[in-house]
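Heads up, the sequence shown is in my numbering, so the first residue is 11 and it goes up one at a time.
Glycine residues also receive a C-beta, built at the ideal position from the N, C-alpha and C atoms.
Every value quoted in this text rests on a predicted model; they were computed, and no experiment measured them.
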Amino acid sequence: MYHDSYKRARRLVWLRRLAVVCVLALLVFAADRWRRGEEDLSDQTAFAVRQVVIDAAVQCYALEGAYPSELSYLEENYGLQLNHQRFIITYEAFAENLLPEVAVLEKK
11 MYHDSYKRAR RLVWLRRLAV VCVLALLVFA ADRWRRGEED LSDQTAFAVR
61 QVVIDAAVQC YALEGAYPSE LSYLEENYGL QLNHQRFIIT YEAFAENLLP
111 EVAVLEKK
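Structure below.
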């Protein structure tokens with residue numbers, strides 16, 4: 011009888027240890043997923059800002075017949091509002107009839 015209760019107590023200890031390890035593994039997995047989710051959201055935001063800049067440039071081309079040579083022109087004349095403290099935005103126009111190259115990076 012003593013032997014059976016001893017085995018049962020040892021099993022219970024091992025089950026508790028296993029449960030703790032499983033909970034810790036789930037917490038590590040959840041933290042990793044959360045971090046990746048924040049990175050994905052950041053990438054989507056930068057992509058959306060890039061798309062807004064391109065859309066404004068295309069609107070300018072449709073109305074004026076030429077792409078603007080600088081990003082500031084879009085901000086001044088087309089109401090484009092950008093957060094320059096949060097994003098690094100490069101805008102390179104090669105010619106008036108070619109779509110400018112736009113790159114957006116989020117500052118860390």
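Contact check, residue i vs residue j, beta carbons under 7 Å
| i | j | result |
| --- | --- | --- |
| GLU111 | PHE97 | no |
| VAL59 | VAL114 | yes |
| TYR101 | LEU81 | yes |
8 Å Cβ shell around residue i - same chain, five flanking residues per side excluded
| i | result |
| --- | --- |
| THR55 | GLU116 |
| GLN69 | TYR88 |
DSSP-derived helix/strand/coil call for residue i
| i | result |
| --- | --- |
| LEU34 | helix |
| LEU108 | coil |
Opening and closing residue of the beta strand (DSSP E) in which residue i lies
| i | result |
| --- | --- |
| GLU116 | 111-116 |
Same chain, Cβ closer than 6 Å to residue i, neighbours up to 5 away in sequence not counted
| i | result |
| --- | --- |
| LEU84 | ALA66, PRO78 and LEU90 |
| ALA103 | TYR77, SER79 and PRO110 |
Inside the segment 50-102 only - beta strand (DSSP E) runs reaching at least 3 residues: 97-102
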